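Chains as they are written, first to last, in the working numbering: chain S, 1 to 352; chain Y, 1001 to 1352; chain E, 2001 to 2352; chain A, 3001 to 3352.
Protein chains: 4
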Amino acid sequence: MSGSSFGQIFRVTTFGESHGIALGAVVDGCPAGLSLSEEDLQKDLDRRKPGQSKLVTQRKESDAVKILSGIFEGRTTGTPIGLIVYNEDAKSKDYESIKDLFRPGHADYTYFKKYGFRDYRGGGRSSARETVARVAAGAIARKVLAREGIEIVGYVAQVGPVKIKKIDYAQIRQNPLFCPDPDAVEAMTRVIQEAQSEKDSVGAMVEVVAKGVPAGLGEPVFDKLDAALAGAMMSINAVKGVEIGAGFKVVEMRGSENCDPITPAGFKSNNAGGILGGISNGDEIVVRLAVKPTSSIAIEQETIDIHGRPAKIATKGRHDPCVGLRAVPIAEAMMALVLVDHFLRNKLSRLG
Amino acid sequence: MSGSSFGQIFRVTTFGESHGIALGAVVDGCPAGLSLSEEDLQKDLDRRKPGQSKLVTQRKESDAVKILSGIFEGRTTGTPIGLIVYNEDAKSKDYESIKDLFRPGHADYTYFKKYGFRDYRGGGRSSARETVARVAAGAIARKVLAREGIEIVGYVAQVGPVKIKKIDYAQIRQNPLFCPDPDAVEAMTRVIQEAQSEKDSVGAMVEVVAKGVPAGLGEPVFDKLDAALAGAMMSINAVKGVEIGAGFKVVEMRGSENCDPITPAGFKSNNAGGILGGISNGDEIVVRLAVKPTSSIAIEQETIDIHGRPAKIATKGRHDPCVGLRAVPIAEAMMALVLVDHFLRNKLSRLG
Amino acid sequence: MSGSSFGQIFRVTTFGESHGIALGAVVDGCPAGLSLSEEDLQKDLDRRKPGQSKLVTQRKESDAVKILSGIFEGRTTGTPIGLIVYNEDAKSKDYESIKDLFRPGHADYTYFKKYGFRDYRGGGRSSARETVARVAAGAIARKVLAREGIEIVGYVAQVGPVKIKKIDYAQIRQNPLFCPDPDAVEAMTRVIQEAQSEKDSVGAMVEVVAKGVPAGLGEPVFDKLDAALAGAMMSINAVKGVEIGAGFKVVEMRGSENCDPITPAGFKSNNAGGILGGISNGDEIVVRLAVKPTSSIAIEQETIDIHGRPAKIATKGRHDPCVGLRAVPIAEAMMALVLVDHFLRNKLSRLG
Amino acid sequence: MSGSSFGQIFRVTTFGESHGIALGAVVDGCPAGLSLSEEDLQKDLDRRKPGQSKLVTQRKESDAVKILSGIFEGRTTGTPIGLIVYNEDAKSKDYESIKDLFRPGHADYTYFKKYGFRDYRGGGRSSARETVARVAAGAIARKVLAREGIEIVGYVAQVGPVKIKKIDYAQIRQNPLFCPDPDAVEAMTRVIQEAQSEKDSVGAMVEVVAKGVPAGLGEPVFDKLDAALAGAMMSINAVKGVEIGAGFKVVEMRGSENCDPITPAGFKSNNAGGILGGISNGDEIVVRLAVKPTSSIAIEQETIDIHGRPAKIATKGRHDPCVGLRAVPIAEAMMALVLVDHFLRNKLSRLG
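Structural data, given as structure tokens:
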């Protein structure tokens, strides 16, 4: 059944596979009157783009986006915005040797079980390449949010055992790791390179923060803002955990310690991560996601083939040693898509 | 905007407030032919019911459910199933003294900001009492799943600092903590009672496992099974984090360690928590949620009133010292609702 | 699959059968702050109620509606509004003799084919009694619309061969036929009574008009306002045709005759029925529906039983000789539900 | 708000404007395993294509469709199918003279009122050119339906005052009018040419029939099959009325005449048009739609400009004198989209 659409009001539908002709999205429900150009989208796409440092996959894609519809004289018309990015550097031959094998940790096995056969070229639809469409759509969401003073910033908070100790937003774009702590960059880089040299990969934690979000966003009881964020983040490839504010730390906290006291000047702490009862409280929204180590590794692993026979596999090709790094712009895009949808939904909460 | 419906195919819509006349749900999309009685629902409701031990709120509700429609001669007809549970022991007067104050950690502030005014009696719609409707609907989902050999079991895995060390399913219903480790029950009880005696509350971690789930459930790329589970669990009151399988542990794992090798006999490990690429892989589905300590505590806290003036508040009334305990049947219900919806959706994946 | 919900923003989900315990609805998405009481709903329900004249079914139902949730201190809170109407005068024994027979023109055959068995008591879910929930929900929609100056009025425009010749809104509530032309009442009554005395029934045409609708409502290209109205009206029991404005007359019209000229004072004619390109143009919205003659007639008809064997059937019980009459408040309710949903959706069309 | 998606399971989202870069669709929810090629789609697109006879617009478009995703080795993979058709012969200059004027009968006025400004080139999104995407998506639906033995055929049943007197399916593709009665072709042609020579246009009635539809399709009470069809057909440009089976004739019928008697061999008549209680009954589904005369006419008409000042307008450019003709393949496509969606939904009606 269909599952490639996101959002109720600002609705994004994506299509495309890793080695298909093109990837794209239709953004339906963007309000009319937004000034929008391809450059607005390209900026975010360029941050997600592969091949930008030695720490990521060497696949070369310009990821040039084309807006096909929904814009007239530089502004959105209120009609669906069609977006397309053609694939350029797909090397499908790399995958022929594994077309009958299931790569451990990948979706090969489950797609095969679900659909009866699968597009084995680069993971097909299950590839993180699909997120190019999310980032393009997310860039439109960000422009709507920016007009409201809402800003989203993501960064890598941990790579393997290396954690950031401080957050300097200005640093994030100064290094290929999206790391806000300049003192952690070297250690993180070493952890990744070590794994890579051992044909292995490494996990990471990404943190995304939204500033300037007004109180009131979120639709209880199922479409709560935190529920939407959790679903959105967990839909990103390789994510295995999501937490808001204090997150898993609340398990060992006392109520008196966890409750954020309220003062006329605002909340005294932000264990809530900006969300109470599923609705934004006006404080910063803070979400963290756990990204597993890349499943494509060159170390030989046990598997089976499509006939159920035991086999060995070592994944070659061009892979990220730490996919967590590249999750940053994607997580930002998903945060933007959640917030714009809930920002619009919230306009209907009260009689005008 | 509407946000009280869950599921695409097996669609549940709930209504009702903590101190209103009744709570209820409409379950639309349950296939025809399922044998179903009020007793089937009551069993699960009784597990969620307040007042069953000294460790939970002393509010007394029979939580007797009535099926209003959708059943004929003991079987579902394929038409919507209306469910209703009348409130009996709402003590609204307890709340009059705080009607102009925002309780820290609660949704009081955000509901007020969103809707312009709020039903202050017992938290209104934001109360965990709302979940009575989820549990009733979840019981129907479980009956559908049971026919397919799918079983769901939840338990408390940690209370404050006390973690379980083993899992004995038979023990879960033997203690009021839904604890699967008999050796942990005493320590957990002590942690809760200590907090209670200090007018405080304590957090917990709940784990939910689904057995017998076939491979193939989940609809990429946004309606992935893990995305649906994360959203569903995060929509439960007081949940601040959700993880699948190895969860946040993946951050510090290597790929070679995290990838579950595949053999003709199945997966050799289950770091994936039963989900690969957003689709069930046939292994056990394992989800964990972090539940914050109850926000209603008798320790005085800083807050403001609806006019923005500073104030002090100490919440009296009948409250759970550890809401995490009562989250167990609710988390099971949400797991059941996600699985039944995706079980039905998956029937449409391939040409018949 | 679920199909008992209507609307994207102002979302109504109904439940209940003709001879079940109760009928009801959940209205999710009504904005907060609307002053609302049970009396507001009862007024419309009383207009739909059976047993009010000799021209309609003699089933006696008080149709007293109870609001279960979503209201606090006389105003909507923005949370789901639960509505319930208990059945009182269901005479299920009337139906036992036909439980294995399919009544021609009814849904007996199709429900049996779809679901494998059916609730044969009074048509179960397929009965027009289900519309009690729509009328209750529609009354809430009307209150929202009234604040915007939008008013909806329906009437019978034709009964069998008798057509109205003029429209006097004040007359509609003066006769049990909802007829706006006092000169047509007698002839219409005679046509119905003649059919009744011959154990037969008669068709009718209903017209519904909405005044005060601002330009801009409707969401191309699939959720156009006329598309929504057509779907809504066709979902009413016994409706076989829907037209907007000039309707089927356009087939024989020339473009020069059909196009409504635009002047600074407004449109010079209203062949469009108030909708252009699927969006309201500010003129009156005019919809007509063809309602078939009641299928339950006492004249013996050919049919088959559930085993496929030929049989004869003559439907006894308490039936409307002209269901079209009772379709008037239902059509008004559906118009209200469409308009309120699109009124709210349209608020999101442009950047604020 | 978004409104460019159709269907719940087999979900189509379209984008594109008359004079934009491209039109397209994403079909999400097509089951895996369907053999599909661009030729399958092109066949239907070629029937809709402009410029094929003197009776239609002379705009020249190859309407060549490209499948961008969702197909692997000739079969659908279960992932979204991206479709694109580039515009080739858009002559936007034709429209500059009317960019500040509202064409009567068109969506110019309402789009302007809704969105605050509009893409005036060829009607932008409101142009019937948008339906190219529907026809492409509909062709996929037809392939799914064909496997089930379901076939859809549409034709022109009336042009102005000229009605068909017989239906010979073999004739439909033999003339540019999609007319099934060879004896009516000449008169219809004359009516159109007369209107054209007088700078005017003419209305038409289209009939669409589905054969081989099994009993059981349709989801009461709002997503009834007839409700879905009515909404789908009314969403087609220029349609002002929809009827099923006997349609508006039921107004003057008696119940005894209208009820289709049931025999072991099937229904003795088909006044129901194949739908009872909103569910298909196994008989032919028969839908008729009234298509208004083309609003673009060269006769001068009264209008206003965007500043509200009176003006005169005579629409030049390349227009169909009878848009009803070109509605035939579009109506077939919409019928196919409704049926495939309900065919899939119905698979979930009963426990397997």
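Ideal Cβ positions, reconstructed from N, Cα and C, are used throughout, including at glycine.
Because the structure is a prediction, the values reported are computed rather than measured.
Reducing DSSP to helix, strand and coil, say where A64 (chain S) ends up. Taking the first sequence and counting its residues from 1, the one referred to as residue 64 (chain S) is at position 64. DSSP places A64 (chain S) in coil when its eight states are reduced to three.
Please check if any C-beta of chain E sits within less than 8 angstroms of the C-beta of P31 (chain S). Here residue 31 (chain S) is taken as the residue at index 31 of the first sequence, counted from 1. With 8 angstroms as the cut-off, P31 (chain S) counts as an interface residue toward chain E.
Distance CB(K1113 (chain Y))-CB(A25 (chain S)) smaller than 8 angstroms: Residue 1113 (chain Y) sits at position 113 when you count from the first residue of the second sequence. Residue 25 (chain S) sits at position 25 when you count from the first residue of the first sequence. The answer is no: Cβ separation not under 8 angstroms.
Taking only runs that begin and end inside the stretch 2194–2257 of chain E, name each unbroken beta strand (DSSP E) of 3 or more residues, in chain order. For the stretch 2194–2257 of chain E, the continuous beta strand (DSSP E) assignments of 3+ residues that do not extend past its boundaries occur at 2204–2211 and 2239–2244, in sequence order.
Take the Cβ of D1320 (chain Y) as the centre, count every other Cβ of all protein chains shown within 10 Å, and call the residue buried at 16 or more, exposed below. Along the second sequence, one-based indexing puts residue 1320 (chain Y) at 320. Classification for D1320 (chain Y): buried.
Residues in the same chain with beta-carbon distance under 8 angstroms from V1165 (chain Y), minus the five sequence neighbours each way, listed in chain order, please. As a first step, residue 1165 (chain Y) is located in the second sequence; it is residue number 165 there, counting from the start. Per the sequence presented here, residue 1165 (chain Y) reads as Lys, with Val not at that position. Result list for K1165 (chain Y): D1181, D1183 and A1184, in chain order.
DSSP state of S1035 (chain Y) mapped onto helix, strand, coil: Sequence index remark: in the second sequence, residue 1035 (chain Y) carries index 35 (1-based). It is a strand residue.
Check whether chain A comes within 8 angstroms of L1041 (chain Y), counting only Cβ atoms and requiring the distance to be less than that. Counting from 1 along the second sequence, the entry for residue 1041 (chain Y) is found at position 41. No, no contact with chain A.
Under 9 angstroms by beta carbon: chain S residues contacting E3017 (chain A): As a position in the fourth sequence, residue 3017 (chain A) is number 17, starting the count at 1. Result: S69, G70, F72, T77 and T79.
Closest Cα partner of V3135 (chain A) within the set A:E3186, A:I3304 and A:L3083: In the fourth sequence, counting from the first residue as 1, residue 3135 (chain A) sits at position 135. For V3135 (chain A), the nearest C-alpha among the options comes from A:L3083.
8 angstroms Cβ cutoff met for A3244 (chain A) and G3273 (chain A): The residue labelled residue 3244 (chain A) in the question sits at position 244 within the fourth sequence. The residue labelled residue 3273 (chain A) in the question sits at position 273 within the fourth sequence. Strictly speaking, residue 3244 (chain A) in this sequence is Ile, with Ala absent from that position. Inclusion of I3244 (chain A) and G3273 (chain A) in the CB contact set at 8 angstroms is warranted, their separation being smaller than that value.
Strictly below 9 angstroms CB to CB, what residues from chain Y border G247 (chain S)? Stepping through the first sequence from its first residue, residue 247 (chain S) is reached at position 247. Those are K1240, G1241, F1248 and A1290, listed as they occur along chain Y.
Taking Cβ positions, are A2331 (chain E) and I2236 (chain E) nearer each other than 8 angstroms? Position 331 of the third sequence, counted from the first residue, corresponds to residue 2331 (chain E). Position 236 of the third sequence, counted from the first residue, corresponds to residue 2236 (chain E). The Cβ atoms of A2331 (chain E) and I2236 (chain E) sit closer than 8 angstroms to each other.
Could you confirm whether any beta carbon from chain Y is found closer than 8 angstroms to the beta carbon of I2236 (chain E)? Numbered from 1 along the third sequence, position 236 holds the residue referred to as residue 2236 (chain E). Chain Y places no beta carbon closer than 8 angstroms to that of I2236 (chain E), leaving this residue out of the contacts.
Report the residues of the stretch 1291–1303 of chain Y with a CB closer than 9 angstroms to any CB of chain S, ordered along the chain. Result list: V1291, K1292, P1293, T1294, S1295, S1296, I1297, I1299, Q1301, E1302 and T1303.
For K99 (chain S), which of A:V3132, A:V3251 and A:E3073 has the nearest alpha-carbon? To locate residue 99 (chain S), count along the first sequence from 1; it is residue 99. Ranking the options by Cα distance to K99 (chain S), first place goes to A:E3073.
A107 (chain S), buried or exposed, once every other Cβ within 10 Å from all chains shown has been counted against 16: Taking the first residue of the first sequence as position 1, residue 107 (chain S) is located at position 107. So A107 (chain S) counts as buried.
Proximity of G3358 (chain A) and V3202 (chain A) at Cβ, strictly below 8 angstroms: Coverage of chain A is limited to positions 3001 through 3352, which leaves residue 3358 (chain A) absent and any answer about it impossible.
Given R1129 (chain Y), which residues of its chain have a CB within under 6 angstroms of its CB, disregarding the five upstream and five downstream residues? As a first step, residue 1129 (chain Y) must be located in the second sequence, where it is residue number 129. If the five residues before and after R1129 (chain Y) are omitted, its C-beta is found closer than 6 angstroms to the C-beta atoms of S1018, all from its own chain and listed in chain order.
What span of residues does the beta strand (DSSP E) with T1303 (chain Y) cover, start to end? Reading the second sequence from its first residue, position 303 is the one you call residue 1303 (chain Y). Note, T1303 (chain Y): beta strand (DSSP E), Q1301 to I1304.
What residues from chain A crowd round K2113 (chain E), counting only those whose CB sits closer than 7 angstroms? Taking the first residue of the third sequence as position 1, residue 2113 (chain E) is located at position 113. Result: A3215 and G3216.
L3344 (chain A) CB to nearest chain Y CB: under 8 angstroms? As a working note, residue 3344 (chain A) is residue 344 in the fourth sequence. It does: the Cβ of L3344 (chain A) has a partner Cβ on chain Y nearer than 8 angstroms.
Beta-bridge pairing of F3267 (chain A) - partner residues as DSSP gives them: The residue labelled residue 3267 (chain A) in the question sits at position 267 within the fourth sequence. Answer by DSSP bridge pairing, in chain order: A:I3262.
Could you check how far apart the C-beta atoms of V3209 (chain A) and E3284 (chain A) are, in whole angstroms? I think they sit under 8 angstroms. Taking the first residue of the fourth sequence as position 1, residue 3209 (chain A) is located at position 209. Taking the first residue of the fourth sequence as position 1, residue 3284 (chain A) is located at position 284. Yes, V3209 (chain A) and E3284 (chain A) are in contact; Cβ-Cβ is about 6 angstroms, under 8 angstroms.
If you draw a straight line from the alpha carbon of S3002 (chain A) to that of V27 (chain S), how long is it in whole angstroms? Locating residue 3002 (chain A) in the fourth sequence gives position 2, counting from the first residue. Locating residue 27 (chain S) in the first sequence gives position 27, counting from the first residue. Approximately 8 angstroms between the Cα atoms of the pair.
Specify the secondary structure class of E1151 (chain Y) as computed by DSSP and reduced to three states. On the second sequence, position 151 is the one that residue 1151 (chain Y) refers to. If DSSP states are grouped into helix, strand and coil, E1151 (chain Y) belongs with the strands.
Any C-beta of chain E sitting closer than 8 angstroms to the C-beta of L3325 (chain A)? What you label residue 3325 (chain A) is simply residue 325 of the fourth sequence in a count that begins at 1. Using a Cβ-Cβ cut-off of 8 angstroms, L3325 (chain A) does not count as an interface residue toward chain E, since no Cβ of chain E sits closer than that to its own.
Quick check on DSSP: helix, strand or coil for R11 (chain S)? Translated into the one-based positions of the first sequence, residue 11 (chain S) becomes position 11. Strand.
Can you grab the Cα-Cα spacing for the pair N2346 (chain E) / S1004 (chain Y), in whole Å? Residue mapping note: residue 2346 (chain E) aligns to position 346 of the third sequence, counting from 1. Residue mapping note: residue 1004 (chain Y) aligns to position 4 of the second sequence, counting from 1. Rounded to the nearest angstrom, the two C-alpha atoms are 22 angstroms apart.
Verify the CB distance criterion: does P3264 (chain A) have a CB-CB separation below 8 angstroms to chain D? Absent from the structure: chain D. Protein chains present are S, Y, E and A.
Going by DSSP in three states, S2280 (chain E) sits in which element: helix, strand or coil? Residue numbering aside, residue 2280 (chain E) sits at position 280 when the third sequence is read from its first letter. The answer is strand: DSSP assigns S2280 (chain E) an E or B state.
If we define contact as Cβ-Cβ less than 8 angstroms, is S1004 (chain Y) a contact residue for chain E? In the second sequence, the residue the question calls residue 1004 (chain Y) occupies position 4. Taking Cβ atoms only, chain E reaches closer than 8 angstroms to S1004 (chain Y), which makes this a yes.
Roughly how many angstroms separate the alpha carbons of V132 (chain S) and P50 (chain S), rounded to a whole number? For the purposes of this step, residue 132 (chain S) is taken as residue 132 along the first sequence, with counting starting at 1. For the purposes of this step, residue 50 (chain S) is taken as residue 50 along the first sequence, with counting starting at 1. Each residue's alpha carbon lies about 10 angstroms from the other.
Using the C-alpha atoms, what's the distance from R3147 (chain A) back to A2327 (chain E)? Residue mapping note: residue 2327 (chain E) aligns to position 327 of the third sequence, counting from 1. Residue mapping note: residue 3147 (chain A) aligns to position 147 of the fourth sequence, counting from 1. For A2327 (chain E) and R3147 (chain A), the gap between their C-alpha atoms comes out near 39 angstroms.
Using CA coordinates, which residue listed in E:K2163, E:F2010 and E:V2250 is at the minimum distance from V3291 (chain A)? Residue numbering aside, residue 3291 (chain A) sits at position 291 when the fourth sequence is read from its first letter. Checking every option, the nearest Cα to that of V3291 (chain A) belongs to E:V2250.
I want to see whether chain E comes within less than 8 angstroms of R1047 (chain Y), judged by CB atoms only; does it? Along the second sequence, read from residue 1 onward, the residue named residue 1047 (chain Y) stands at position 47. Closer than 8 angstroms: no.
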